[in-house]
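Under this note's numbering, residues 10 to 169 are what the sequence shown spells out, in order. Ideal placement from N, C-alpha and C gives every residue a C-beta, glycine not left out. Just so you know, these numbers come straight off a predicted model, no measurement behind them. Taking it in order: structure first as structure tokens, then the write-up.
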Amino acid sequence: MLADFDRVCGNVGPQLNLTNTMFMRNGQVSDAPFSLNGTNISECSSYVYLGREVNMANDLVPELSRTKRAAWGAFKSVEEVAKKTKNVRLRAHLFDSTVLPALTYASETWAIRKQDEHAISVAQRGIERTMLGVTRLTQVKEGLRSSELRRRLKARNGVA
10 MLADFDRVCG
20 NVGPQLNLTN
30 TMFMRNGQVS
40 DAPFSLNGTN
50 ISECSSYVYL
60 GREVNMANDL
70 VPELSRTKRA
80 AWGAFKSVEE
90 VAKKTKNVRL
100 RAHLFDSTVL
110 PALTYASETW
120 AIRKQDEHAI
130 SVAQRGIERT
140 MLGVTRLTQV
150 KEGLRSSELR
160 RRLKARNGVA
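Pasting the structure below:
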């Protein structure tokens with residue numbers, strides 16, 4: 010099939026770059042080496058496609074880890090503004106427009122479990138606390154619930 014694809018590409022114009030080409034193998038394919046035109050094609054266990062990490066086991070753990078890092082990265086890009094502003098609506102808007110999309114990107118395609126929802130909620134609460142300048146210790150000492158912090162921030166919930 011890859012040879013046919015390479016042949017058609019050659020007829021149309023684009024060339025298949027065999028040094029950058031990789032493949033993923035499912036359980037129904039033999040473990041024999043994969044080559045085209047004498048060049049061995051590398052195998053990978055996962056890759057990022059359209060912003061989502063894909064793997065044959067359909068394991069969400071690496072994808073959730075990526076989205077949590079992306080959400081913290083998005084927060085870091087607006088952290089200074091978020092901490093300096095006293096305008097709650099602006100803080101909520103910053104959270105809803107930068108952090109939440111990064112945290113929930115492609116989530117409509119996930120077969121999500123309760124523990125995955127919990128992991129997303131934990132990340133969201135951590136960012137909300139940081140945005141409000143409340144440490145986990147302060148939250149516990151003052152008996153503040155996460156729902157109260159979310160109400161103060163006026164942010165939307167990433168897990169519905």
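Could you name the residues that DSSP lists as bridge partners for residue i?
| i | result |
| --- | --- |
| residue 44 | 49 |
| residue 114 | None, per the DSSP bridge assignment. |
| residue 32 | 52 |
Once DSSP output is grouped into helix, strand and coil, what is the label at residue i?
| i | result |
| --- | --- |
| residue 64 | strand |
| residue 57 | strand |
| residue 95 | coil |
| residue 23 | coil |
| residue 142 | coil |
| residue 79 | helix |
| residue 136 | helix |
| residue 120 | coil |
| residue 16 | helix |
| residue 163 | coil |
| residue 37 | coil |
| residue 100 | helix |
| residue 109 | helix |
| residue 153 | coil |
How long is the line joining the alpha carbons of residue i and residue j, rounded to whole angstroms?
| i | j | result |
| --- | --- | --- |
| residue 117 | residue 61 | 11 Å |
| residue 41 | residue 15 | 20 Å |
| residue 88 | residue 26 | 41 Å |
| residue 28 | residue 115 | 29 Å |
| residue 54 | residue 48 | 20 Å |
| residue 23 | residue 58 | 21 Å |
| residue 20 | residue 113 | 41 Å |
| residue 128 | residue 73 | 8 Å |
| residue 159 | residue 123 | 20 Å |
| residue 111 | residue 56 | 18 Å |
| residue 33 | residue 136 | 35 Å |
| residue 83 | residue 108 | 5 Å |
| residue 37 | residue 66 | 13 Å |
| residue 125 | residue 157 | 23 Å |
| residue 92 | residue 86 | 12 Å |
| residue 166 | residue 100 | 14 Å |
| residue 12 | residue 161 | 59 Å |
| residue 174 | residue 78 | Here the chain comprises residues numbered 10 to 169, so residue 174 is not present and cannot be evaluated. |
(message) For the pair the region 101-120 and the region 134-150, tell me if three or more CB-CB distances fall below 8 Å.
(response) Yes, since at least three Cβ pairs between the region 101-120 and the region 134-150 fall closer than 8 Å, the two stretches touch.
(request) Evaluate contact between the region 91-102 and the region 150-157, counting only Cβ atoms and requiring at least three cross-stretch pairs below 8 Å. (result) In the pairwise beta carbon analysis, the region 91-102 is classified as not touching the region 150-157: fewer than three pairs are separated by under 8 Å.
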